[in-house]
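Undergrad: FYI, in the numbering used here the residues of the sequence shown are 1 to 289. Note that the Cβ used here is the ideal one computed from N, Cα and C, for glycine as well. Dropping the structure in here first, questions after.
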Amino acid sequence: MTKRVRKAVLPVAGLGTRVLPGAKTTPKNMLNVVDRPILSYIVEEARAAGIEHFVFIVGRGQGAIEDYFDSAPEIEQTLEAKGKTEILADVRRDLPHPGQMSFVRQMAPLGLGHAVWCARDVIGEEPFAVILPDMLMAAERPALAQAIDAYGKVGGNVVVVEPAPEGETHKYGIVALEGRDGRLNRMTGMVEKPPLGTEPSNLFISGRYILQPEIFALLESLPRGAGGEFQLTDGMAQLMARQDFHALEYEGTTYDCGDKIGLLRANVAFALRRPDLAAAARKAIEELL
Ligand code: UTP
């Protein structure tokens, strides 16, 4: 019997250099995909997977995230007075119950491993999810729910993976598998940004993790890794010496919204999926082409 996954860590404290200058004043995960910030979709995915507490790892100048997930009495009262009930419901849709969100300052963007370590006191002694909020995953069964289903079967630690584009494995954390049979396979190793030709597979860790709390002690004493940052992958590689790790190839499509073209693709794809916008979006795209 596995312990239930109730909490998720959402590290958003990176500088977002690939989407500057927009990310200078708007945290990159608050950039819109169609009419909602990226984080709105991410929180929706996590809720659908049963997550009850959200731990945001934030940096300076990211107060907009906290404000977005708080009530806005002046906007809500105006919409109510004008009878704009649909917009009001939409504005309220993302609001958590009081006490369901924690905001922890990373204080310096020292890497993803350091960001996750900052959540240690809020997570405590239970398994937890990590969601990279740049990676928007469109799937019939939400990606995190697929990861939690897999965790329910095999326990231990589970990372969601997918095939890297041809010749791009050196940009990602890559997993080594014991064998490849179906979508859920036991891992034997992982390496952050391996030089081309040395990659143990073509599968990269794409942004959803179920981890055991023993990771925190390992992150605490981690040496700097690739790019001079404290890498989550290095901490997981150490944990793998003591605990099981499985890689899950999830079913769905990932959009890397931390990248200009990825963000554009997400906007186009999500507009085309919206019944109220699809026809107009298609017409606009065809005209531009
Ligand atoms: P990225 O590798 O996308 O880095 O981080 P970044 O700084 O956000 O973006 P670029 O590469 O400069 O454009 C992956 C995730 O980890 C978070 C980021 O916010 C992002 O969600 N992160 C990264 C932190 O919270 N803290 C860090 O120190 C590093």
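Can you find a heavy atom of the ligand UTP that lies under 8 Å from the Cβ of T25?
TA: no
Undergrad: If we cut at 9 Å on Cβ distances, does A147 have a partner in chain B?
TA: No chain B appears in the structure shown, which is made up of a single protein chain.
Undergrad: Extract the residue ranges of the beta strand (DSSP E) inside the segment 43-89, only unbroken runs of 3 or more that lie entirely within it.
TA: 53-58
Undergrad: Looking at the strands, I want to know which residues DSSP matches up with A176.
TA: Looking at the DSSP output, A176 shares a beta bridge with G189.
Undergrad: Where Y41 and L218 are concerned, what is the direct C-alpha to C-alpha distance, given to the nearest angstrom?
TA: 31 Å
Undergrad: Could you give the distance in angstroms between the alpha-carbon of D244 and the alpha-carbon of L196?
TA: 27 Å
Undergrad: Since A48 and P142 should fall inside the 8 Å C-beta cutoff, what is the C-beta to C-beta distance between them, to a whole number of angstroms?
TA: 5 Å
Undergrad: Taking the C-alpha atoms as reference points, what is the distance between G235 and F103?
TA: 23 Å
Undergrad: Do L239 and N157 come within 9 Å of each other at the CB atom, strictly closer than that value?
TA: A contact, by the Cβ cut-off of 9 Å.
Undergrad: Does the separation of the CB atoms of I38 and D134 fall below 9 Å?
TA: With respect to D134, I38 sits close: the two C-beta atoms are nearer than 9 Å.
Undergrad: Is K193 near the ligand UTP, in the sense that its beta carbon is under 8 Å from a heavy atom of that ligand?
TA: no
Undergrad: Which of the three DSSP states, helix, strand or coil, is assigned to V5?
TA: coil
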